[in-house]
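Note that our numbering has the sequence shown beginning at 2, numbered continuously upward. C-beta atoms are modelled at their ideal positions from N, C-alpha and C, and glycine is treated no differently. None of these values were measured; they are calculated from a predicted model.
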Amino acid sequence: MSKKNYAGIPDKYARIDEAKVVLIPVPYDGTSTWQKGADRGPDAFLNASENMELFDIETRSEVYRQGIYLAPPVTEDSSPEKMVEAVYKTTKNYIKQDKFVTLFGGEHSISIGSIKAFNESFEDLTVVQLDAHADLRPEYEGSSCNHACALHEASKTTNLIQIGIRSMDVSENDHMDENQVYFAHDLYEDWQDDAIGQMTPNVFITIDLDAFDPSIMPSTGTPEPGGLFWYETLEFLKMMFKKKNVVGFDIVELCPDKNEKSSDFLAAKLYYKMLSYKFKYQNFNEEDEDE
C-alpha cells in the first residue's frame, strides 16, 4: 500500500497530532476459503474514497475537518494468530491516544483483534455485527483465528447482537443467543428499535460487507442473496449513533473486482457516512472544526 492521505484530504487534517479519527488498514486474506482478494480491499476502498464528494448532504457536514489519520497498514501475515495479535496491539495503541479508532480489512478475522482491544478499553461493551454469516465457530481449519470464527470470542466476552444473518453451520447454534439475532429472512417493522434496546451504552460495530444484498454489494468473498439494503442500513446506523456511544468500528470483506467499482464506492461512502453520524450526533462541538 502506498502512503497517501485518506480521501486525498489536505495534510493539516491528516496529521496524527491533530486528527480525532484513526483509520487502520489491514490488508489480510490468509484464511478465506472461497474467493480470495480481501487483502486488496483497503487499497480499493482508499482509491474510491479519493473520488467522493466530502460534503455529506444528510448531516450538512464535512467530517474530514475533524481530522482523519491514515495509519500504516498492519501487514503481519505469518500466521492468523500473529495477525490478530498485531491488530490488537495496533488498535489498543491508538485507543490509548484518545482517538476514535476505525479499521478497514481485509477479511473478518481481523475483527478478533480489534474487538479484543475495544473490549479491554470500554466497560460493558456491546458488539453489533452486520453480516450474512454467523462467524461463531470456535475453530475452523485448525485455527481459532479463522474468518469463520470472527465473532466467537465476542459471543463469550461481550454483549453480541447479530444483524442480517442468513448463513451458518449447525454447530454455531451452540454459541448463538437467538434472542439477540436478527435473521435476514425474519426482519420485521420495529427490529431496529428492538435491537437498540438490547444494547449497552458502549457499542462497537463490525460490518462484513456481505451483510448487504449482492445486488448492491457484489464484490465480497462470499456473497449471499437476501441481504440488507442501503437506506435501511443507514437508518439503523444513524439510530445507534444517536442513542449509544459508538466507540469504534471496522468494515471488512471488500473483495474488489476491477470490472465492478460500485462496491468499492459503497464501502467508501459507508465509512464516511458512519464518521459523519459520529461527529453529528455524539456530542462533538462543530466549533472544533477548522472553518
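* **Secondary structure of Tyr141, DSSP reduced to three states** => DSSP places Tyr141 in strand when its eight states are reduced to three.
* Could you tell me which of Glu190, Leu71, Val88 and Glu261 sits nearest to Ala20, measuring between CA atoms? => Looking only at Glu190, Leu71, Val88 and Glu261, the smallest Cα-Cα distance to Ala20 is reached by Leu71.
* To do: Compute the beta-carbon to beta-carbon distance between Ile25 and Thr91, rounded to the nearest angstrom, for a pair I have assumed lies under 8 Å.
  => So it is a contact: roughly 6 Å between Cβ atoms.
* **Which listed residue (Lys279, Lys281, Tyr278 and Tyr273) has its alpha carbon closest to that of Met53** => Answer by Cα proximity: Tyr273.
* Are the region 100-109 and the region 250-267 touching by the rule of at least three beta carbon pairs closer than 8 Å? -> A contact between stretches requires three or more CB pairs, one per stretch, nearer than 8 Å, and the region 100-109 meets this requirement with the region 250-267.
* Asked: Which residues mark the beginning and the end of the beta strand (DSSP E) in which Tyr70 is found?
  -> Per DSSP, Tyr70 belongs to the beta strand (DSSP E) from Ile69 to Leu71.
* Asked: Which of the three DSSP states, helix, strand or coil, is assigned to Tyr189?
  -> Coil, per DSSP.
* Asked: What are the boundary residues of the alpha helix (DSSP H) that Asn48 is part of?
  -> From DSSP, the alpha helix (DSSP H) with Asn48 extends over Gly42 to Ser50.
* Asked: Just to confirm, are Ile164 and Ala196 a CB contact at a threshold of 8 Å?
  -> Result yes, Cβ atoms of Ile164 and Ala196 sit closer than 8 Å.
* CA-CA distance, Glu290 and Glu63? -> Low confidence applies here, because Glu290 scores a pLDDT of 41, under 50, leaving its location unreliable and the question unanswered by this model.
* **Classification of His109 by the beta-carbon crowding that lies within 10 angstroms, buried from 16 upward** => Buried, because 16 or more other Cβ atoms sit within 10 Å of the Cβ of His109.
* At a cut of 8 Å, does the region 175-187 reach the region 200-210 through at least three beta carbon pairs? -> Counting C-beta pairs with one atom in each stretch, the region 175-187 and the region 200-210 have fewer than three that are closer than 8 Å, which means they do not touch.
* To do: Measure the Cβ-Cβ separation of Glu82 and Cys146 and say whether it is below 8 Å.
  => Taking 8 Å as the Cβ cut-off, Glu82 and Cys146 qualify as a contacting pair.
* Exposed or buried, which one is Arg41 when buried takes at least 16 other CB atoms within 10 Å? -> In this structure Arg41 is buried. Its beta-carbon is surrounded by 16 or more other beta-carbon atoms within 10 angstroms.
* **Counted within 10 angstroms of its Cβ, other Cβ atoms place Pro28 as buried (16 or more) or exposed** => So Pro28 ends up on the buried side.
* To do: Could you check what DSSP says for Leu126 in three-state terms: helix, strand or coil?
  => Strand.
* **Pick from Lys281, Trp231 and Val171 that is closest to Ser264, judged by C-alpha positions** => When each option's Cα is compared against that of Ser264, the closest is Trp231.
* To do: Tell me His134's beta-bridge partners as DSSP assigns them.
  => Note: His134 sits in a beta bridge opposite Ser168.
* Asked: Nearest-angstrom Cα distance between Gly9 and Leu47?
  -> Their Cα atoms are separated by approximately 9 Å.
* How would you label Phe56, buried or exposed, when you count the other beta carbons within 10 angstroms and need 16 or more for buried? -> Phe56 is classed as exposed because its beta carbon has fewer than 16 other beta carbons within 10 Å across all chains shown.
* Asked: Can you tell me where the alpha helix (DSSP H) with Ile96 in it begins and where it stops?
  -> Start and end: Pro81 to Lys97.
* Asked: If you run the structure through DSSP and keep just helix, strand and coil, what is Asp194?
  -> DSSP places Asp194 in helix when its eight states are reduced to three.
* Measure the CB-CB distance between Leu137 and His148 and report whether it falls below 8 Å. => It is not a contact, given that the beta carbons lie outside the stated cut-off.
* Asked: Nearest to Lys117 by CA position, among Lys157, Gln98, Tyr141 and Ser144, is which residue?
  -> Of the candidates Lys157, Gln98, Tyr141 and Ser144, the residue whose Cα lies closest to the Cα of Lys117 is Lys157.
* Can you tell which of Asp44, Asn203 and Asp12 has the C-alpha that lies nearest to the C-alpha of Lys245? -> Nearest option by C-alpha distance: Asn203.
* What is the residue span of the alpha helix (DSSP H) that Asp265 lies within? -> Going by DSSP, Asp265 is part of the alpha helix (DSSP H) stretching over Ser263 to Tyr282.
* Can Cys256 and Gly38 be called in contact, C-beta distance under 8 Å? -> Less than 8 Å separates the beta-carbon of Cys256 from that of Gly38.
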